Ligand SMILES: [Zn+2]
């Protein structure tokens, strides 16, 4: 990334933080699964697994919560997941920049 003046970089980060309308926490992953049935095709050799299922996983009060989304839901909410990821990245960058500014000013 090219080096920018600090004020411009801060404005850019602020725009990233306020730009997107919605942001969903967690991650969306496509997974193949085994079920609980003993004689199912998913236990065969070679196994024919179920899915793929679209699993939305996030942490709620310290516990992992998973919800299965339909392909339509996954497509509809994909931008919200991307917004949340961009926000996390922007916050990480802003915090690192702020720590450098603090050190430059105070140490
Ligand atoms: Zn099965």
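Residue numbers (the numbering used here): 2 to 108.
From the three backbone atoms N, C-alpha and C, an ideal C-beta is built for every residue, glycine too.
As the structure is a prediction and not an experimental result, all values here were calculated from the model.
Find out if the Cβ-Cβ distance for the pair residue i, residue j is shorter than 9 Å.
i          : j          : result
residue 67 : residue 57 : yes
residue 39 : residue 85 : no
residue 88 : residue 11 : no
Determine the closest residue to residue i out of the options, with distance taken between C-alpha atoms.
i          : options          : result
residue 31 : 8, 70, 94 and 77 : 70
residue 34 : 49, 27 and 23    : 49
residue 61 : 99, 28 and 93    : 28
residue 52 : 64, 36 and 79    : 36
Residues in its own chain within less than 7 Å of residue i by CB, not counting five upstream and five downstream?
i          : result
residue 59 : 26, 27 and 66
residue 55 : 29, 31, 69, 70, 72 and 75
Run through DSSP, which three-state label would residue i get?
i          : result
residue 32 : strand
residue 50 : coil
residue 44 : helix
residue 55 : strand
residue 70 : strand
For residue i, collect the residues of the same chain with a Cβ closer than 6 Å to its Cβ; drop the 5 residues on either side in sequence, then sort them by chain order.
i          : result
residue 9  : none
residue 90 : none
For residue i, collect the residues of the same chain with a Cβ closer than 8 Å to its Cβ; drop the 5 residues on either side in sequence, then sort them by chain order.
i          : result
residue 43 : 34, 35, 36, 49, 50 and 51
Among all residues, which have a Cβ less than 5 Å from at least one non-hydrogen atom of ligand 2, and in what chain order do they fall? This structure does not include ligand 2; its bound ligands are ligand 1.
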